[in-house]
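Respectively, the protein sequence lines represent chains A and B. For the record, in the first sequence the residue sitting at position 229 is 1401 according to our numbering, with numbers rising by one throughout. For the record, in the second sequence the residue sitting at position 136 is 1308 according to our numbering, with numbers rising by one throughout. Glycine included, C-beta positions come from ideal geometry on N, C-alpha and C. Please read these numbers as outputs of a predicted model, since none were measured by experiment.
2 protein chains.
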Amino acid sequence: MSTVDDLIAFQRETEALAQIAGRLEWDQETMMPRGAAEQRGEECAALEGVLHARRTDPRVGEWLDAAKPADAVQAAQLRHIRRSHERAVKIPARLAQEIARVTSVAQGIWAEARAAEDPAKFLPTLARVVALRREEAAALCGGGALYDALLDDYEPGATQASIAAMFDGLRPRLVALRERILGSERTPDTLTGHFPKAQQLELSRRLASAFGYDWSRGRLDLAVHPFSSGSGHDVRITTRVVEAEPFNCFYSTIHEVGHACYEQGIDPAYLLTPLGQGVSMGVHESQSRIYENQLGRSRPFTGWLHGQMQDMFGPLSVADADAFHATVNRVQPGFIRTEADEVHYNLHVMLRFDLERDLISGALEVQDLEEAWNARFLKDFGQQVDRPSHGMLQDVHWSVGLFGYFPTYTLGNVYAGCLNKALRAAVPEVDENLSRGDATPATDWLRTQLQQHGGLYEPREVVTRACGFAPSEGPLLDYLEAKFAEIYAL
Amino acid sequence: MSTVDDLIAFQRETEALAQIAGRLEWDQETMMPRGAAEQRGEECAALEGVLHARRTDPRVGEWLDAAKPADAVQAAQLRHIRRSHERAVKIPARLAQEIARVTSVAQGIWAEARAAEDPAKFLPTLARVVALRREEAAALCGGGALYDALLDDYEPGATQASIAAMFDGLRPRLVALRERILGSERTPDTLTGHFPKAQQLELSRRLASAFGYDWSRGRLDLAVHPFSSGSGHDVRITTRVVEAEPFNCFYSTIHEVGHACYEQGIDPAYLLTPLGQGVSMGVHESQSRIYENQLGRSRPFTGWLHGQMQDMFGPLSVADADAFHATVNRVQPGFIRTEADEVHYNLHVMLRFDLERDLISGALEVQDLEEAWNARFLKDFGQQVDRPSHGMLQDVHWSVGLFGYFPTYTLGNVYAGCLNKALRAAVPEVDENLSRGDATPATDWLRTQLQQHGGLYEPREVVTRACGFAPSEGPLLDYLEAKFAEIYAL
């Protein structure tokens, strides 16, 4: 075997072990008995120790030094392995294991504090998580910004400066659009009624199928905070159900199906290699968000969904399909990011970006977080946060140490805007098929243009290749302005 | 830290990783999408590679050589670690990983062949599994019998000679008892009716609670072949449902609860150490079988169950509680081991023991297995096997390579007979409480006498300590003869 073959064979087992670590997280959020939390922390730490030892194995460095890639695919494999190796060797094994242990247990503590509406129960844990991630960032950053070192793990190539520039490009037109919408005379109807859990889940399954989710390689379960998990032939999704608010479940499902279809759509030749998973969280979110919004909240698709809901639940309080489309896309300030409309969504992300950047830089202490959150929310959304689960306790991310993750949601939205523009130009029949509940012309194009490549190209590169143009904020803003001008007769 | 502390800290991570491997098996049998089977094989092989490397780590040998245990607990820890290390170093890593990979995938192939009633679909896989386990046994046996080397993994200290002697001690009185029962004039009623799945599962949960299963550290799911999984604070059970045959579900559940309560009952100080799990499969089966049979199929408990079933399902076809007890304990030849009455059960095990011993020694080829099974079944049970799922395809064990496991069921029955004798002498109020659906006086005694010790004592030793006498076949046979004399008026 060549050096490259040795390295890739070694990496194959590392990737398989990383899949196991992901499956443990899935289990923790969906199946694990609550009394197992501490033990699970030990298990996660042990597995992280194994992964860290493999990533920092001196042989990996030697193989990388000696390896001569035969083609672009091998070159990409080596690029990923090198990045992972160079990152891992900077982090002490003790720290890597401690982060795994603490964040595993922290999740349960966050969930309890959230249920009890009691931030004080969570703050000591959050302080510990922040301290560990700061320590990790300090080991990684080489004198640069701590936050950049964390961000780079989710979005290679992005920096807090590039993210801030993106937000600067979005905010003025988003705020202006919001003002025009909130000042308009139209108010979409509210959907009222009772939508039983079992039927919501049944319709969720239909929605997943409509978007091409492969059930033979996945499954759907309930979780407090919906997520998608796994790569290759075992890609699982989760959703949640509120019986008075069916869109929560349906659009969470479609969002996670976007993530899952990306993973399922990757070239099977890349299975258990560094190319066999989504290339970055920004690109991942581009898939979840285009499925959820540009496709799932489009007039053709909501028309089909309207019919499905009438079949499933009987007559709806919103009887007209156009009115239903407006209801699905209703713009209003609200506390919860995951339930936010497309106009407010990125404002939620900007708030988190600024706060987490300050937590990581040390400018903000965790004990001051709630006050900072609430003040900022009042400023940006004009509302006083009425309870912690509507404020700083709403998201799971910080409990599991995901600092630097939030901006990738907006990056994903920006990429989704670009991909949607290119898709519409390339595949004119998208809407006609969506109106019949068939998203496959759209998802086939996304698979061919982007998903199948997995980690072959750099994040920005794969979006540029798929679109045929360099991504920017423009297409997303154009799309939002056009869409809401129609709904709100602006 | 002392050498012992270093060794036990290292072992702690190994135990945590072994727990993860067990959780993966649980997932495979309960949750995994079918398309993930091949990938899962790779994941299991990768994790087995890690475990094998840790068990064979030269530092473990050095620590063991230098370690001076401070007390009996540490001495027991070291004994287990030494046994595991000495065993592992004889097995090449390649072989350990290949066994993990092949048996992971084989399970799905077995399930498909069983559903299709087509042994030919399974035979090539079975041949591969047999060949791998023979290779492993050859590496381990040091010139002794191949089968003994495998048996030792499930029941340290047992040999095929000791097992054969146990069967010789059982068979004559069991066969004689069976003949008397089948020749008697009494025929217990058959329970007929439809018992919906959801209600069977609800009653299963009540049964698990009645036996003291701790739900905060476990959960109940469905599986093709019921099993219990995990140690410490995450011990999960599975059952299955046939809507016409509720006893299948109920007694599978109680059986698995017995296994699970053993794991949950171990001293928490042993968590993630070699003492933190059941000491052998024979002792494990003693717990599952005493819960299922001597307690769960007793007249007091079936009286309570009868009431519970009437509450849950309405009037039963067997209206009288004494008649119901006879129905639960009805003796009749049948194809399926897991559904066998207490008299026939061990005859099923003897059949498997003889066949698997011959498969491992090479005296029987897998292509001749079906014929050998069916001939032996006709001889022992007087019935012609009517389909493969009633014959050689009924059990999952061989597909996952568990050669040497079956005899531990009968060993467990023998131990259960002894434990029951000692329990009845020590705790006179057992029956009175069972009649109210409360098994805790019995399970508390078992926990105190046996379960809490985990791996502290050798298998036979812990049973002897619990009983106050050396185990033998006598108490089981005495119990069976007395019980069925009453039911069948012999």
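Residues of chain B with a CB under 8 Å from the CB of residue i: which are they?
i: I1192(A); result: I1192, L1196, E1215, A1218, L1219
i: R1391(A); result: M1203, P1205
i: D1229(A); result: Residues of chain B passing the Cβ test: none, with the nearest at roughly 12 Å.
Compare the C-alpha of residue i against each of the options and name the closest.
i: L1375(B); options: L1346(B), A1181(B), V1413(B), P1360(B); result: V1413(B)
i: C1433(A); options: P1446(A), A1416(A), R1461(A), A1441(A); result: R1461(A)
i: L1298(A); options: D1567(A), R1608(A), R1343(A), T1612(A); result: D1567(A)
i: A1292(B); options: H1625(B), K1551(B), Q1539(B); result: Q1539(B)
i: H1569(B); options: G1479(B), L1179(B), A1278(B), A1268(B); result: A1278(B)
i: L1488(A); options: P1296(A), T1175(A), F1367(A); result: F1367(A)
i: Q1555(A); options: A1248(A), H1520(A), V1455(A); result: H1520(A)
i: S1561(B); options: W1282(B), D1178(B), G1450(B); result: W1282(B)
i: S1276(B); options: G1194(B), I1659(B), R1254(B); result: G1194(B)
i: D1229(B); options: G1454(B), S1256(B), L1467(B); result: S1256(B)
i: Q1371(B); options: T1474(B), Q1482(B), R1226(B); result: Q1482(B)
i: L1354(A); options: V1515(A), W1235(A), G1384(A), L1318(A); result: V1515(A)
i: G1506(B); options: G1563(B), V1490(B), W1235(B); result: G1563(B)
i: Q1624(A); options: R1343(A), L1523(A), H1431(A), L1312(A); result: H1431(A)
i: D1526(B); options: Y1319(B), L1595(B), R1608(B); result: Y1319(B)
i: D1552(A); options: Q1504(A), E1210(A), G1534(A), E1357(A); result: Q1504(A)
What in chain B is Cβ-close to residue i, meaning under 9 Å?
i: H1405(A); result: P1205, G1207, A1208, A1209, E1210, Q1211, R1212
i: L1373(A); result: The contacting residues do not exist; L1373(A) stays about 16 Å from chain B at best.
i: V1274(A); result: What V1274(A) touches in chain B: nothing, since even the nearest Cβ is about 15 Å away.
i: D1526(A); result: Under the 9 Å cutoff, chain B gives no residues; its nearest Cβ is about 38 Å from D1526(A).
Starting from the beta carbon of residue i, find every residue of chain A whose beta carbon is closer than 9 Å, and list them in chain order.
i: S1388(B); result: P1205, R1206, G1207, A1208
Under the three-state reduction of DSSP, which class applies to residue i: helix, strand or coil?
i: T1162(A); result: Here chain A has residues from 1173 to 1662 only, and residue 1162(A) is not among them.
i: I1180(B); result: helix
i: I1659(A); result: helix
i: L1583(B); result: helix
i: D1393(B); result: strand
i: S1607(A); result: coil
i: T1410(B); result: strand
i: S1400(B); result: strand
i: Y1385(A); result: coil
i: S1356(A); result: coil
i: R1377(A); result: helix
Find out if the Cβ-Cβ distance for the pair residue i, residue j is shorter than 8 Å.
i: A1268(B); j: A1188(A); result: no
i: T1582(A); j: M1204(A); result: no
i: A1495(A); j: D1361(A); result: yes
i: I1426(B); j: E1464(B); result: yes
i: E1543(B); j: F1575(B); result: no
i: L1467(A); j: A1611(A); result: yes
i: R1471(A); j: E1289(A); result: no
i: E1435(A); j: T1410(A); result: no
i: A1395(B); j: T1202(B); result: yes
i: N1501(A); j: N1585(A); result: no
i: A1265(B); j: G1221(B); result: yes
i: C1216(B); j: R1254(B); result: no
i: V1261(A); j: G1573(A); result: no
i: T1186(A); j: L1236(A); result: no
i: I1335(A); j: P1643(A); result: no
Can you list the residues of chain A that residue i reaches, using a CB-CB cut of under 8 Å?
i: V1277(B); result: Simply none; closest approach about 12 Å.
i: L1179(B); result: Simply none; closest approach about 16 Å.
i: L1443(B); result: Q1211
i: D1439(B); result: Result: empty, since nearest Cβ-Cβ is about 15 Å, beyond 8 Å.
i: D1290(B); result: In chain order: nothing, as chain A lies at least about 21 Å away.
So residue i contacts chain B; which residues on that side make the cut at Cβ distance below 7 Å?
i: E1185(A); result: A1218, G1221
i: R1608(A); result: Within 7 Å Cβ-Cβ: nothing; R1608(A) doesn't reach chain B, min ~27 Å.
Name the chain A residues whose beta carbon is nearer than 7 Å to that of residue i?
i: A1188(B); result: E1214, E1215, A1218
Are there any heavy atoms of the ligand NAP lying less than 7 Å away from the beta-carbon of residue i, as far as the coordinates show?
i: E1514(A); result: With respect to the ligand NAP, the structure shown offers nothing to examine, as it has no ligands at all.
request  = Count the C-beta pairs between the segment 1398-1406 of chain B and the segment 1632-1641 of chain A that are closer than 8 Å, then say yes if the count reaches three, no if not.
outcome  = no
message = Does the structure place the segment 1643-1656 of chain B close enough to the segment 1421-1440 of chain B that three or more beta carbon pairs sit under 8 Å?
response = no
request  = State whether the segment 1593-1604 of chain A contacts the segment 1314-1333 of chain A, with contact taken as three or more CB pairs (one from each stretch) at a distance under 8 Å.
outcome  = no
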